[in-house]
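Here the structure comes first, spelled out in C-alpha cells, and everything after it is commentary.
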Amino acid sequence: MNRISIALVIFLFAFSCSRDNYDTLDSYVVGEIVSFDLNCSTCILKFPNDSLTIKHELGASRDNYYQTINLMKDTFEINQKVLVKLRKAEENELRACITLYPSYDYINIYIADFKPVE
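Residue numbers (our numbering): 11 to 128.
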C-alpha cells in the first residue's frame with residue numbers, strides 16, 4: 011500500500027502544475043496602438059495586417075480592438091506600431107483597476123514580448 015501511495019504522489023507531481031506556453035502565437039505580429047485604457051493605464055491594440063489570424067487564435071473582440079494587460083500607456087503613443095508576440099490573458103493575470111472612466115468589453119491579451127517597428 012505504501013508503494014502505491016508513493017507512486018501516486020510521484021505521478022501527480024510529475025504531471026501537475028506545469029505551465030507550457032502552447033497558447034502563445036508562434037510569430038510576431040504588427041500591432042497598432044489605437045487608444046489607452048485610462049482605468050488600467052494600459053494600451054489598446056488593433057492588428058491591421060493579421061486581424062484574421064488574431065480572431066482565429068484569440069477570438070473576435072469588439073471593433074477588432076484588444077486590451078493589453080501589461081503594456082503601460084506611459085511607454086507608448088497613439089498610432090505607434092509595435093511588433094508583439096502575444097497570448098490570451100489568464101484570469102489570474104488580470105489586475106484590479108479604477109472605474110472612473112468608461113470601459114469596454116475588449117478581449118484581454120498578454121504581451122509576451124515586443125519590439126518597435128522600424
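Ideal Cβ positions, reconstructed from N, Cα and C, are used throughout, including at glycine.
Residue i lies in the beta strand (DSSP E); which residues open and close that run?
{"i": "E42", "result": "V39 to D47"}
{"i": "I79", "result": "Y75 to M82"}
{"i": "T63", "result": "Premise fails: T63 lies in the alpha helix (DSSP H), S61 to L68, not in any beta strand (DSSP E)."}
{"i": "P126", "result": "I117 to P126"}
{"i": "T109", "result": "Premise fails: T109 is in no beta strand (DSSP E) and is neither H nor E."}
{"i": "C53", "result": "T52 to K56"}
Let me know the secondary structure DSSP gives residue i once reduced to three states.
{"i": "R97", "result": "strand"}
{"i": "N31", "result": "Low local confidence applies: a pLDDT of 49 at N31 is under 50, so the model's placement there is unreliable, with the coordinate-based value given in what follows. It is coil, neither helix nor strand."}
Identify, in the order they occur along the chain, each residue of the same chain with its Cβ nearer than 8 angstroms to the Cβ of residue i, setting aside the five sequence neighbours on each side.
{"i": "S75", "result": "Just to set this straight, residue 75 is Tyr in the shown sequence, not Ser. Cβ within range, chain order: V44, S45, I54, L55, K56, Y114 and Y116."}
{"i": "T52", "result": "F46, Q77, T78, I79, N80, L81, M82 and K83"}
Give me, in chain order, the residues of the same chain whose beta-carbon lies closer than 6 angstroms to that of residue i; leave out the 5 immediate sequence neighbours on both sides.
{"i": "Y32", "result": "Any reading at Y32 is ruled out, since the residue's pLDDT is 49, under 50, leaving its predicted position unreliable."}
For residue i, which residues in the same chain have their Cβ closer than 7 angstroms to its Cβ, ignoring the five residues on either side in sequence?
{"i": "E67", "result": "L35"}
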